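In our numbering, the protein residues as written are 1 to 111.
Positions of the beta carbon are idealized from the N, C-alpha and C atoms, including for glycine.
Predicted, not measured: the structure shown is a model, and the values here were computed from it.
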Ligand code: 5GP
Ligand code: ZN
């Protein structure tokens, strides 16, 4: 399968690891949109939120996001989790991922 994030998980494409456990991998975004910008992905390939079901360990994915926020020192001032899904949201990589963004104030609603 030709999936960039699967290649990153496998180590075939280099990445800057922040956190890993048996079902989740977290690494720094190559084009950060905030002082902290970490991508958290399930190791089991799924295209996005439109494709998830009970077989996907979404609990571990969310818990890993909270752990990344702790590791990166974001709990004090806050942070944002983003899951872009499909064309209108600007999803470009079709392997489910959560953006963990923090380290600066962010506006709402997003553009
Ligand atoms: P999306 O737009 O699909 O929600 O987010 C994809 C993210 O993956 C983007 O923020 C983009 O900067 C990041 N990205 C794309 N290619 C690479 C890469 O090769 N390495 C890393 N670390 N991040 C990448
Ligand atoms: Zn994949």
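Could you tell me if the beta carbon of residue i falls within a distance shorter than 6 Å of some heavy atom in ligand 2?
i: residue 5; result: yes
i: residue 45; result: yes
Grab the span of the alpha helix (DSSP H) containing residue i for me, first residue to last.
i: residue 71; result: 58–71
i: residue 4; result: 4–10
i: residue 87; result: 86–89
Please find out if some non-hydrogen atom of ligand 1 comes closer than 6 Å to the beta-carbon of residue i.
i: residue 2; result: no
Should residue i be labelled buried (16 or more other beta-carbon atoms within 10 Å of its own) or exposed?
i: residue 129; result: Since the displayed the chain opens at 1 and closes at 111, residue 129 lies outside it and no answer follows.
i: residue 72; result: buried
i: residue 109; result: exposed
i: residue 69; result: buried
What are the boundary residues of the beta strand (DSSP E) that residue i is part of?
i: residue 80; result: 79–82
i: residue 26; result: 24–28
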